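Student:
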Amino acid sequence: MFTGIVEELGEIIEKSDGPESAVLRIRGPLVVSDAAHGSSIAVNGVCLTVVDLKDDTFTADVMRETLERSSLGALEPGSRVNLERPVRLQDRLGGHLVQGHVDGVGVIVERVPSEKWEIVRISLPEALARYVVEKGSITVDGVSLTVVEAAADSFTISLIPTTLELTTLGRKGPGEPVNLEVDVVAKYVERMIGAR
Numbered sequence: 385m386f387t388g389i390v391e392e393l394g395e396i397i398e399k400s401d402g403p404e405s406a407v408l409r410i411r412g413p414l415v416v417s418d419a420a421h422g423s424s425i426a427v428n429g430v431c432l433t434v435v436d437l438k439d440d441t442f443t444a445d446v447m448r449e450t451l452e453r454s455s456l457g458a459l460e461p462g463s464r465v466n467l468e469r470p471v472r473l474q475d476r477l478g479g480h481l482v483q484g485h486v487d488g489v490g491v492i493v494e495r496v497p498s499e500k501w502e503i504v505r506i507s508l509p510e511a512l513a514r515y516v517v518e519k520g521s522i523t524v525d526g527v528s529l530t531v532v533e534a535a536a537d538s539f540t541i542s543l544i545p546t547t548l549e550l551t552t553l554g555r556k557g558p559g560e561p562v563n564l565e566v567d568v569v570a571k572y573v574e575r576m577i578g579a580r
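Following my numbering from start to finish, the sequence shown increments by one per residue and tops out at 580.
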């Protein structure tokens, strides 16, 4: 479980593609400082398992399912990624409950800069639209954000200077893919009501 509060902007050092999977080596000195083999680290909102640690990097296996259902397959050496360690029970929950299970991939449609922040419109897969509501929570590339406007096929978020500076969302432009995770509580509520 994560909070969507990015701890570090990491970098893909190496990517080895196989027929059914890939291995990523990622630099992230902060997130590896207390990691061990088997630890979980969210990479652009995708929960990955640490396979190996070396200096300030870790490797993770990424299965075909994850490569196809997230934007991780598009990463190359040099790509910047948002990194977060899992929340501990005694930690404050600064964002919202984030599982690290990507529900779909959106695409940045437009960016509208303001004096200190930016409004970003992101396309929304049709199957996820019912879970996205104005002032609700959404995770974009592992960043916990509040929805400003929810439309049938897109939504907007407002990025403050800290988010623009310390996450990949400050660097991505129109046409680039982003991982989306909707609020898990909404999915559970829908399931419970549908069962009645």
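Here a beta-carbon is modelled for each residue, glycine too, at the ideal position from N, C-alpha and C. Remember, it's a predicted structure, so these values are computed and weren't measured experimentally.
By a C-beta neighbour count over all protein chains shown, 10 Å radius and 16 as the cutoff for buried, is A420 buried or exposed?
Tutor: With fewer than 16 other Cβ atoms within 10 Å, it is exposed.
Student: Report the three-state DSSP secondary structure of T552 (helix, strand or coil).
Tutor: Three-state result, T552: helix.
Student: Which two residues bound the contiguous beta strand (DSSP E) that contains T523?
Tutor: From DSSP, the beta strand (DSSP E) with T523 extends over 521-524.
Student: I'd like the span of the alpha helix (DSSP H) that includes V517, first residue to last.
Tutor: Unbroken run through V517: none, as it is neither H nor E.
Student: E468 and V407 look like a contact to me (Cβ under 8 Å); what is the Cβ gap, rounded to whole Å?
Tutor: About 20 Å separates the two Cβ atoms, so there is no contact after all.
Student: Over what stretch of residues does the beta strand (DSSP E) that includes E565 continue unbroken?
Tutor: It spans 561-566 - the beta strand (DSSP E) in which E565 sits, taken as one unbroken run.
Student: Excluding sequence positions up to five away, which residues of its chain have a Cβ less than 8 Å from the Cβ of L393?
Tutor: Only R464, V465, N466, L467, L550, T551, T552 meet the Cβ criterion.
Student: Within this structure, are the beta carbons of G429 and V486 separated by less than 8 Å?
Tutor: For G429 and V486, yes; Cβs fall inside 8 Å.
Student: Is it a yes or a no for the stretch 472-483 touching the stretch 496-512, going by three-plus beta-carbon pairs under 8 Å?
Tutor: No: fewer than three Cβ pairs fall under 8 Å.
Student: V566 to G388, Cα distance in whole Å?
Tutor: Roughly 12 Å separates the two Cα atoms.
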